[in-house]
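Note that the protein sequences, when read in sequence, are chains H and S. Take any residue in the first sequence, count from 1 to its spot, add 42: that is its number in the numbering used here. Take any residue in the second sequence, count from 1 to its spot, add 42: that is its number in the numbering used here. Structure, as structure tokens:
Protein chains: 2
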Amino acid sequence: MSSATNPGFTSGAQTVSMPTMKAIILAIGDELVLGQTADTNSAWLSRELADHGVTTLYHKTVADDVDAIAGAFTTACAESDLVVATGGLGPTADDLTREALSRLTGKPLDFHPPSLERIRAFFKKLGREMPAANRCQALFPRGAEVLDNDWGTAPGVRVRQGKASVFVFPGVPREMAAMFDRHVAPFVSRAAKGVILSEIIPTFGAGESGVAEKIADLMQRDRNPLVGTTVSGGVVTIRVRSEFPTADQARKHLDRTVADVKQRLGTWVFGSGADTLQGVVGAALKKRRRVVVTAESCTGGLVARMLTDSSGASEYFRGGWVAYANEMKESELGVPPGLIAQFGAVSREVAEAMASGALAKSGADYVLSLTGIAGPLGGTVEKPVGTVWICLGIARSGSRSFKSEPFLFPGDREAIRERAAKTALNRLRLELVEE
Amino acid sequence: MSSATNPGFTSGAQTVSMPTMKAIILAIGDELVLGQTADTNSAWLSRELADHGVTTLYHKTVADDVDAIAGAFTTACAESDLVVATGGLGPTADDLTREALSRLTGKPLDFHPPSLERIRAFFKKLGREMPAANRCQALFPRGAEVLDNDWGTAPGVRVRQGKASVFVFPGVPREMAAMFDRHVAPFVSRAAKGVILSEIIPTFGAGESGVAEKIADLMQRDRNPLVGTTVSGGVVTIRVRSEFPTADQARKHLDRTVADVKQRLGTWVFGSGADTLQGVVGAALKKRRRVVVTAESCTGGLVARMLTDSSGASEYFRGGWVAYANEMKESELGVPPGLIAQFGAVSREVAEAMASGALAKSGADYVLSLTGIAGPLGGTVEKPVGTVWICLGIARSGSRSFKSEPFLFPGDREAIRERAAKTALNRLRLELVEE
Chain H
43 MSSATNPGFT SGAQTVSMPT MKAIILAIGD ELVLGQTADT NSAWLSRELA
93 DHGVTTLYHK TVADDVDAIA GAFTTACAES DLVVATGGLG PTADDLTREA
143 LSRLTGKPLD FHPPSLERIR AFFKKLGREM PAANRCQALF PRGAEVLDND
193 WGTAPGVRVR QGKASVFVFP GVPREMAAMF DRHVAPFVSR AAKGVILSEI
243 IPTFGAGESG VAEKIADLMQ RDRNPLVGTT VSGGVVTIRV RSEFPTADQA
293 RKHLDRTVAD VKQRLGTWVF GSGADTLQGV VGAALKKRRR VVVTAESCTG
343 GLVARMLTDS SGASEYFRGG WVAYANEMKE SELGVPPGLI AQFGAVSREV
393 AEAMASGALA KSGADYVLSL TGIAGPLGGT VEKPVGTVWI CLGIARSGSR
443 SFKSEPFLFP GDREAIRERA AKTALNRLRL ELVEE
Chain S
43 MSSATNPGFT SGAQTVSMPT MKAIILAIGD ELVLGQTADT NSAWLSRELA
93 DHGVTTLYHK TVADDVDAIA GAFTTACAES DLVVATGGLG PTADDLTREA
143 LSRLTGKPLD FHPPSLERIR AFFKKLGREM PAANRCQALF PRGAEVLDND
193 WGTAPGVRVR QGKASVFVFP GVPREMAAMF DRHVAPFVSR AAKGVILSEI
243 IPTFGAGESG VAEKIADLMQ RDRNPLVGTT VSGGVVTIRV RSEFPTADQA
293 RKHLDRTVAD VKQRLGTWVF GSGADTLQGV VGAALKKRRR VVVTAESCTG
343 GLVARMLTDS SGASEYFRGG WVAYANEMKE SELGVPPGLI AQFGAVSREV
393 AEAMASGALA KSGADYVLSL TGIAGPLGGT VEKPVGTVWI CLGIARSGSR
443 SFKSEPFLFP GDREAIRERA AKTALNRLRL ELVEE
């Protein structure tokens with residue numbers, strides 16, 4: 043891909059080439075350069091910028107060294123329109139991004155009393171006195187714009203250097219992402235020359251290659267709208283990016299491609315945008331005024347945690363059991379004595395008995411039960427690590443039915459548990475769709 | 043950290059300044075710059091280089107663009123002794139690292155017949171004809187050293203440019219790592235002037251600035267061993283890096299600083315290296331043959347999930363209840379009717395009743411119970427979002443005792459839940475330490 047301009051696009055018979063904004067992403071921190079922490083911020087920022095039509099030229103990761111940081115800023119400002127940097131805004135002596143910005147702009151660092159007040163208030167809310175060390179987080183190069191941080195103590199900062207706009211955020215991913223959305227997203231949207239509209243379609247149930255097989259022709263690199271996929275924790279996300287001179291054209295082409303993708307991928311598609319499986323399941327339960335409970339063994343509470351990721355979960359989630367030990371499966375979920383000895387804890391029979399007990403005790407409409415071997419220990423030839431029985435139990439007009447299925451999930455313990463939990467949620471989602 | 047030389051060190055009365063080898067790491071690929079793939083190679087290479095006493099100046103990630111790649115190589119060769127690059131050696135049109143190396147060295151690309159033979163043989167072993175596209179993988183700048191790849195089709199290459207040695211490997215992590223071990227490790231070992239040893243000390247219970255206040259003098263940037271902190275999800279990690287001419291000196295100074303840090307931070311220190319709170323708690327329970335259960339409301343199963351993060355958790359974790367709805371707190375954990383109406387679900391009384399019920403039903407030695415308001419909805423003036431009651435219940439020789447404390451955690455729902463869960467685990471850790 044050319045790093046300086048977008049490839050142009052075809053609109054009817056006409057090809058238009060349009061300069062795009064160029065960005066450079068800097069990540070600051072010894073822990074990154076030493077390889078002790080993986081830098082996830084830069085990839086995240088790149089994706090967000092791409093969705094806004096901004097081309098990232100490069101990422102650079104530098105140490106907590108004022109010369110290195112200032113040098114990276116100076117070079118980046120000469121080479122791009124937009125510099126987004128993360129890290130080095132903490133309260134300790136190795137946080138040197140403020141000094142580097144002062145050197146970049148040639149402006150002294152001034153105290154910003156409103157920020158000092160905000161930081162004090164942040165600590166006060168926690169019932170603590172602000173440590174003296176945190177004072178330095180209210181220092182900014184003279185004339186800089188202070189960017190409030192509602193999620194932590196370190197404010198961000200924006201300066202202009204030559205033709206480049208420089209945004210600096212804390213390295214904490216959550217704070218960085220929230221501040222990008224508030225401060226950079228509106229800026230790049232205003233600066234865009236054409237109109238870029240994008241849509242995100244999350245899917246579950248097929249691997250990345252399974253999805254790619256269905257939409258290979260739409261994924262050509264020179265197509266507009268451009269279709270790409272990313273995969274994370276079993277969720278394959280399709281990104282559609284439509285870039286045209288007018289909003290009407292961009293919208294029309296985007297809608298057409300999105301409809302095509304959705305039609306081809308069918309029930310793998312579970313929502314849109316940043317929807318999560320648990321969010322979609324929760325909304326569907328709430329709409330139908332149904333309630334779910336959980337009965338987990340190998341996932342150890344993960345499905346319950348996911349179902350309670352949203353405020354208001356009490357409308358559709360009553361609670362759950364983590365029956366990790368076999369005696370808990372019997373004493374709390376009423377799994378009949380002898381069943382585990384006969385079939386093993388990882389079996390259809392035990393999954394369904396756990397589900398049955400949870401429905402009986404809770405009076406819920408649905409239960410998800412899981413029993414499996416997350417490893418790395420505990421696997422056998424018949425039931426290797428990754429084997430998980432997942433049961434959806436349904437209580438309807440006085441009777442109970444169970445839909446159980448065995449799975450073999452790949453990966454390490456964490457991956458197996460995450461995949462199992464999402465597969466269970468997806469099972470309930472498909473049930474709610476069918477009903 | 044100084045990026046040009048190590049800061050020198052004091053050895054008795056004598057200060058010695060010692061030049062270390064300086065490296066720059068380049069990662070090449072559109073998928074990295076677009077954020078579609080996370081670059082894990084650079085962090086891995088940094089760690090390996092640090093272990094060999096090589097200081098990494100920076101990482102840079104560039105697109106599949108011959109100008110960008112050649113420019114990055116040229117700059118890196120002028121700024122360092124060693125350049126390690128990954129990616130862009132594949133067989134497709136967007137693999138341009140070979141052309142960039144030709145431009146860097148000013149040498150034409152020649153076919154290397156032995157490599158062509160190796161690539162052909164690689165495909166033959168898979169029972170396939172070599173595709174014509176793969177021919178280009180046998181092209182190297184004239185005079186370059188070809189580095190065999192026993193794990194894939196793309197050979198690596200080494201060139202010398204000015205005073206810098208340049209190693210280029212395929213981007214596939216496994217191939218990259220194996221080729222680093224074979225080709226770079228011996229090279230840097232021969233060239234190493236000093237020895238770098240490092241240690242990681244994780245802490246919980248104080249913020250980053252709270253930790254920094256205790257060890258401010260150790261965190262001077264020109265100190266050797268060098269001490270730095272990073273924070274993630276409430277865990278403040280202290281890194282100590284010791285760089286001396288001999289392993290004995292490096293070890294002696296490292297041990298002394300680590301002991302000093304540990305002494306000053308006391309029980310905030312919960313382990314070493316990559317230890318987690320749940321791992322440390324699990325090991326301590328196992329050692330004492332004690333068993334814990336959980337009774338969670340606002341954390342929705344998160345504490346249980348953390349306690350089951352390791353294989354073998356069944357030795358110390360029996361199970362848990364997610365009593366999200368008030369009726370579940372009453373029916374499953376025996377919270378007395380009327381208690382919630384009188385004190386509210388988020389109260390010492392309810393936290394202790396949940397803990398009491400869980401101990402009675404499970405026969406466990408410990409219980410962690412949590413009830414709070416994770417938000418964003420549900421806060422009041424008296425009990426704002428972030429309020430969480432955490433109770434540690436202890437069953438000992440027939441009687442039960444409860445240690446309860448209210449907390450006010452900052453951040454969004456996810457942060458509040460994570461902090462609450464870790465605080466609960468830390469409470470149990472401190473109890474086990476005291477006993």
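From the three backbone atoms N, C-alpha and C, an ideal C-beta is built for every residue, glycine too.
| query | Where do the ends of the beta strand (DSSP E) carrying S:P244 lie? | reply | Segment 237 to 246, the beta strand (DSSP E) holding S:P244.
| said: Going by DSSP, what residue range makes up the beta strand (DSSP E) through S:E424? | reply: Premise fails: S:E424 is in no beta strand (DSSP E) and is neither H nor E.
| field | Bounding residues of the alpha helix (DSSP H) (the contiguous stretch that carries S:L91) | value | Annotation for S:L91: the continuous alpha helix (DSSP H) segment containing it runs 83 to 93.
| message | Relative to the C-alpha of H:V409, which candidate in H:S398, H:P418, H:L419 has its C-alpha closest? | response | Selected option, being the one with the closest Cα: H:S398.
| Under 7 Å by beta carbon: chain S residues contacting H:S88 | Residues of chain S passing the Cβ test: V75, L76, G77.
| query | Taking Cβ-Cβ distances shorter than 9 Å, what residues in chain S pair up with H:W193? | reply | Ordered by position in chain S, the residues that pass the 9 Å Cβ test against H:W193 are P452, G453, D454, A457.
| What does S:R263 touch in chain H if you count any residue whose Cβ is under 7 Å from its own? | What S:R263 touches in chain H: A135, D136.
| said: Does S:H295 come out as helix, strand or coil in the three-state DSSP assignment? | reply: In the three-state DSSP reduction, S:H295 falls in the helix class (H, G or I).
| said: Quick check on the DSSP output: the alpha helix (DSSP H) that includes H:S339 runs from which residue to which? | reply: Counting along the chain, H:S339 sits inside no alpha helix (DSSP H), nor does DSSP assign it H or E at all.
| field | Any 3 or more C-beta pairs closer than 8 Å across the segment 270 to 277 of chain H and the segment 238 to 252 of chain H | value | Taking 8 Å as the limit for Cβ pairs, the verdict is that the segment 238 to 252 of chain H does touch the segment 270 to 277 of chain H.
| request: Could you name the residues of the segment 350 to 370 of chain S whose beta carbon sits closer than 9 Å to any beta carbon of chain H, in the order they occur along the chain? | output: From the segment 350 to 370 of chain S, only T350, D351, S352, S353, G354, A355, S356, F359, R360, G361, G362, W363, V364, A365, Y366, A367, N368, E369, M370 have a Cβ closer than 9 Å to chain H.
| task | Assuming S:L189 contacts S:M218 (C-beta within less than 8 Å), just tell me the rounded distance between them. | result | Contact flag wrong, Cβ pair sits at about 11 Å.
| Can the beta-carbon of H:V27 be found closer than 8 Å to that of H:A186? | As displayed, chain H neither begins before 43 nor continues past 477, which places residue 27 of chain H out of reach and without an answer.
| task | Evaluate H:E171 with the Cβ neighbour count: other Cβ atoms within 10 Å of its Cβ, from every protein chain shown; 16 or more gives buried, anything less gives exposed. | result | Result: exposed.
| Should S:D390 be flagged as near chain H, meaning a C-beta pair shorter than 8 Å? | Per the sequence presented here, residue 390 of chain S reads as Arg, with Asp not at that position. It does not; no Cβ of chain H falls within 8 Å.
| In the DSSP assignment, what are the bridge partners of S:D137? | Its beta-bridge partners do not exist; DSSP assigns none.
| On the three-pair Cβ rule with 8 Å, is the segment 207 to 218 of chain S touching the segment 120 to 129 of chain S? | Contact holds: three or more Cβ-Cβ distances are below 8 Å.
| Does DSSP put H:E477 in a helix, a strand or coil? | Looking at H:E477 - three-state DSSP - the assignment turns out to be coil, as it is neither helix nor strand.
| So, are the CB atoms of S:R330 and S:L474 less than 8 Å apart? | Result yes, Cβ atoms of S:R330 and S:L474 sit closer than 8 Å.
| message | Between S:A301 and chain H, is any beta-carbon pair separated by less than 8 Å? | response | With its beta carbon at least 8 Å from every one in chain H, S:A301 lies outside the interface.
| request: Leaving out five residues on either side along the sequence, give the residues of the same chain with a beta carbon under 6 Å from the beta carbon of H:L489. | output: This structure does not reach residue 489 of chain H, given that chain H is present from 43 up to 477, and the question cannot be answered.
| message | Considering Cα atoms alone, identify which of S:P378, S:D109, S:T413 is closest to S:A393. | response | Ranked by how close their Cα comes to the Cα of S:A393, the residues S:P378, S:D109, S:T413 have S:T413 in first place.
| said: Please tell me whether S:K464 has its Cβ less than 8 Å away from any Cβ of chain H. | reply: Contacts with chain H at 8 Å (Cβ-Cβ) do not include S:K464.
| task | Please work out which residues of its chain come closer than 6 Å, Cβ to Cβ, to H:L419, disregarding the five sequence neighbours upstream and downstream, and give them in chain order. | result | So the list is empty, once near-sequence residues are dropped.
| Beta-carbon proximity list for H:M43, same chain, < 6 Å, skipping 5 on both sides | In this predicted model, H:M43 has a pLDDT of only 31, less than 50, meaning its place in the structure is not dependable enough to derive any value.
| task | Under 6 Å Cβ to Cβ from S:E141, same chain only, skipping five residues before and after it: list those, please. | result | Only V108 meet the Cβ criterion.
| request: Report yes if the CB atom of H:G376 is closer than 8 Å to the CB atom of H:A402, and no otherwise. | output: Yes, the Cβ-Cβ distance between H:G376 and H:A402 is below 8 Å.
| field | Nearest candidate by alpha-carbon position, reference H:D297, set H:A118, H:S240, H:L470 | value | When H:A118, H:S240, H:L470 are compared, the shortest CA-CA separation from H:D297 is found for H:S240.
| Just the Cα atoms here: how many angstroms apart are S:A365 and H:G361? | Looking at the two C-alpha atoms, the distance is approximately 5 Å.
| field | Contact belief for H:L68 with H:A118 at Cβ below 8 Å, rounded distance in angstroms | value | Confirmed, Cβ separation roughly 6 Å.
| request: With a threshold of 16 other CB atoms inside 10 Å of the CB of H:L166, please say whether the residue is buried or exposed. | output: Checking the sequence, you will find Lys at residue 166 of chain H rather than Leu. By the 10 Å Cβ count, H:K166 comes out exposed.
| said: Using C-beta distances below 8 Å, list every residue in its chain close to H:T279, excluding the 5 sequence neighbours before and after it, in chain order. | reply: Within its own chain, the residues whose Cβ lies closer than 8 Å to the Cβ of H:T279, once the five positions on either side in sequence are excluded, are I242, I243, P244, T245, T271, T272, V273, listed in chain order.
| query | Nearest-angstrom Cα distance between S:L319 and S:Q179? | reply | Approximately 48 Å between the Cα atoms of the pair.
| said: To be precise: take each residue of the segment 332 to 349 of chain S, compare its Cβ to all Cβ atoms of chain H, and keep it if any distance is under 9 Å. Which residues remain? | reply: Residues passing the 9 Å Cβ filter: V333, V335, T336, E338, S339, C340, T341, G342, G343, L344, V345, A346, R347, M348, L349.
| said: With a threshold of 8 Å between beta-carbons, can S:S398 be considered close to chain H, or not? | reply: Not one beta carbon of chain H lies nearer than 8 Å to the beta carbon of S:S398.
| task | Could you tell me the distance, in whole angstroms, from the CA atom of S:T77 to the CA atom of H:L349? | result | First, the amino acid is wrong: residue 77 of chain S is Gly here, not Thr. For the pair S:G77 and H:L349, the Cα-to-Cα distance works out to about 29 Å.
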